[in-house]
Structures are given as structure tokens and as C-alpha cells.
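Numbering (my numbering), first residue to last: 30 to 395.
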């Protein structure tokens, strides 16, 4: 794989609905693929947009289509402002969109943010709809960023993202594997909404809470956790398994947060432990195991403390610079767009469970 240099704008809107991440990345090739972040920004959603996006799941088809168009226009407006403010130029836009439905069993994964409207606004070629082709090929449609983990961050044994959900990628028998692990910010932030705050800053509230052992046992027994990869999670699964518990006013917010952090850290460490057992059966076990941590949850100091304290021997959770913590997913979707533009494979069957590796994404251009 060797391609010309290309400047790509990556757009990412996650399930935790913190806002829209925009990044401008230059990709070059010298013996290996390299990237350089030229500019980056997070645009917090207004209360109006938060309401529209969080309620999109309940809209009928015609209203959802209108929202898709409206959101696509808004994305284009935001990109134009970003380009003007930062004095940029770009060859391509790679837009993840905002997920409304993710139901791989039903071969559905819908991200809104109309690609044609985005192109019409910006006059820059657009790649979007990265997930639908994969679920049509029998895959989970997620996670998709492991392709970028393999190309850009292969020096780490694991790449962990603490976003709306936690997900992880790693190498097993010279194949890239990945899966979703647990709820993360989608759970913590939903609990915080009970006291009208957006998130638990640095995990301070969670650190003051007591663990609700019965609830922790119940959550750890959710069947998803014993399923083998590939596997992925969506808002529907979260609401089914957690919503009634976190809305139970008999539970204090601090205790729910403490229990959630314990649940998240346990599931992550347990999964890494199990994959290390699998690796040791076929390879010499690693004495030093490094795990790159990115996503908003990396700023939750209490969560990071619990992860490290309860980890297996030799496992080191590595926090990179803030830019990579905040924008890794947007950077990697820019990479997926870059690969799609060059008609190169950007989704791995070993990760998603699809019937084959493939080149995914819809292209909008002249």
C-alpha cells in the first residue's frame, strides 16, 4: 500500500453526545503510513441538537429522513467554519455521522448526516456510511477503527477507546481482532443527568460513592459479556440493560457512578486477561503489556485508577497527549475515508465477522 499525500477532514459524533469532533489530517507514505494533525476542534452540541439526536431513535421514517438532511447541512456548515477559521484546505471529508440504530442481527446500522448535503455545502468530496456494507456482509459493523490501530499504532499490544462504549483492538495469531467491551460514558453521563450535570469531572463523584454489590453482580451477569468476539453494542442494548437501574431513585448517584466504574474496569481487565490466556496458549506470553487509552473516559482519573489497580501483572495503561485522546476516532475515520478514496480495504473481516475484508463507504463527489 503506497498512496499520494492527502489532506482529509474527519468528523466523529459519538454515542455519549459530547459534541462533534473535527480534525484535519495529512496522510503521507514513507516506508509506512504516517499522519500529521494540522488542526482539531470539538464543537459542543447545543441543547437543541442534543435533544434532536437523542430522540432520533423514536422518530418515524419521514421525520428521521428530514433530520438526516438537516444534520448533513449542519455538518457542512461546521466544516466550512472550521476551514475558514483555521485557514485550511482539504481533498476529502470522511464523516462517521451520528448513530441512530445499530442492529447487526437485523443487518441495520444507520448513521445520519446526509452525505450529499454535506458535499453540497462544502464542495469537497465526502465519504460516509462506513458501517452498513459490513452488516450486509454478515459483520457487526463495529468497531471500525482497528484498521487504523493496525496501521498507525501497532507498537501497542492493545488499543482501548473509552467513548460512549469501551472498545478494544489487539493482534491475535497475526490477525487484528476487536470488539466492544462495555458501556462507558453513555452509562456514566446518563447517571449524571439525574443531578443535571453533563459528566462526572475526573470521576470525583464516583470516588466518593459506595459499590452496590447486588447491582454490580447483576450487571456483570449480562449475557453479552460471555459472548465471543466479534461483538458490538448499541444504545438499544444499553437502554434495555441499564436504564431502569440508573433511574431507580433508591440508588444514590455517587453509588451508581462508583458501581459503574467498577463494572467498566472489571469487564475491560477481565477481557484483556482472557485474551492474554489465549495468546499464551500459542505464543510466548508478553512480560510487558502496553495498552493505549484514548476517548473522553481517559480523563476520568478515578476510572483510570481502578483500571490500573485491578489490572493483571505487567499491564500498563498508556495515556498519550490530549490531542490523540480527544481525536483518535476522528483521525481514524479520516484514515478510513483515505483508504476508501484509494479503493483500498478499510474493514477487516477478522474484526467485524464479515464474510470478507472489504472497502466500505459511500462517496459523494462531482
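C-beta atoms are modelled at their ideal positions from N, C-alpha and C, and glycine is treated no differently. None of these values were measured; they are calculated from a predicted model.
Please classify residue i as buried or exposed, where buried requires at least 16 other C-beta atoms within 10 Å of its C-beta.
i, result
"residue 90", "exposed"
"residue 327", "buried"
"residue 393", "buried"
"residue 125", "buried"
"residue 100", "buried"
"residue 183", "exposed"
"residue 95", "exposed"
"residue 292", "buried"
"residue 256", "exposed"
"residue 264", "buried"
"residue 358", "buried"
"residue 329", "buried"
"residue 351", "exposed"
"residue 242", "exposed"
"residue 347", "exposed"
"residue 269", "exposed"
Alpha carbon to alpha carbon, how far is residue i from residue j?
i, j, result
"residue 275", "residue 285", "7 angstroms"
"residue 307", "residue 300", "11 angstroms"
"residue 57", "residue 353", "18 angstroms"
"residue 168", "residue 93", "25 angstroms"
"residue 106", "residue 356", "20 angstroms"
"residue 290", "residue 336", "9 angstroms"
"residue 229", "residue 305", "32 angstroms"
"residue 48", "residue 383", "30 angstroms"
"residue 223", "residue 64", "41 angstroms"
Taking only three categories from DSSP, how would you classify residue i?
i, result
"residue 220", "helix"
"residue 229", "coil"
"residue 327", "helix"
"residue 243", "helix"
"residue 336", "helix"
"residue 55", "strand"
"residue 252", "helix"
"residue 298", "helix"
"residue 176", "helix"
"residue 201", "strand"
"residue 45", "coil"
"residue 371", "coil"
Let me make sure I understand the geometry here. Which of the options has the alpha-carbon closest to that of residue i?
i, options, result
"residue 197", "319, 38, 350", "319"
"residue 161", "151, 121, 153, 129", "129"
"residue 133", "387, 381, 394", "381"
"residue 369", "261, 159, 80", "159"
"residue 395", "150, 321, 96, 288", "150"
"residue 363", "298, 180, 47", "180"
"residue 235", "60, 195, 353, 221", "221"
"residue 186", "207, 49, 287", "207"
"residue 361", "287, 40, 34", "40"
"residue 376", "277, 163, 145", "163"
"residue 213", "386, 252, 46, 205", "46"
"residue 248", "296, 201, 225", "296"
"residue 143", "267, 270, 280, 122", "122"
"residue 232", "379, 44, 81, 325", "325"
"residue 50", "111, 82, 65", "111"
"residue 44", "273, 294, 267, 153", "267"
Report whether the distance from the Cβ of residue i to the nearest heavy atom of the ligand MG is below 8 angstroms.
i, result
"residue 362", "The ligand MG is absent from the structure shown, which contains no ligand whatsoever."
What residues in its chain sit with their C-beta under 6 angstroms from that of residue i, if we drop five residues either side in the sequence?
i, result
"residue 36", "55, 119, 120"
"residue 189", "197, 320, 322"
"residue 139", "129, 130"
"residue 165", "136"
"residue 378", "385, 386"
Please list, in chain order, all residues of the same chain as residue i whose beta carbon is under 8 angstroms from its beta carbon, the five residues on each side excluded.
i, result
"residue 343", "315, 316, 317, 318"
"residue 372", "388"
Take residue i and list the residues in its own chain whose beta-carbon comes closer than 7 angstroms to its own, dropping the five residues that flank it on each side.
i, result
"residue 109", "150, 151"
"residue 88", "96"
"residue 288", "240, 241, 244, 245"
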